[in-house]
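Take 791 as the starting number for the sequence shown in our numbering and just add one per residue. First comes the structure, then the notes that go with it.
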Amino acid sequence: MDKVVLAYSGGLDTSIIVKWLQDTYQCEVITFTADIGQGEEVEPARAKAKAAGVKQIFIEDLREEFARDFVFPMFRAN
């Protein structure tokens with residue numbers, strides 16, 4: 791396994807798994823963080839991934855899609 795893409799929140803569990811994947815599989819870890827409106831938590835996640843040696847960090851703004859596809863239908867369903 792050369793590369794692994796990890797859904798990354800920047801929390802303790804995903805931060806620990808980055809190092810575990812690197813050590814266990816000697817692979818490059820690529821992180822993906824979905825910005826669904828968590829505010830100030832997104833940039834610290836980028837910093838933590840970088841500090842863990844992640845070279846490719848993707849953060850996608852999915853706020854509109856999250857609201858349209860999940861939040862609004864939830865309200866309509868009552």
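Every residue gets a Cβ at the ideal spot worked out from N, C-alpha and C, and that includes glycine.
**Study point:** beta strand (DSSP E) runs wholly inside the region 809–842, at least 3 long, in chain order
**Key:** 818–825
Check your understanding: Per DSSP, what kind of secondary structure is L802 in: helix, strand or coil?
Key -> helix
Review point. Got a sec, what are the start and stop residues for the beta strand (DSSP E) F848 sits in?
Key: Q846 to D851
Check your understanding: Measuring CA to CA, which of Q816, N868 and K793 is closest to F822?
Key -> K793
Check your understanding: Whole-angstrom Cβ separation of V844 and V795, contact assumed at under 8 Å?
Key -> Not really, about 11 Å apart at Cβ, beyond 8 Å.
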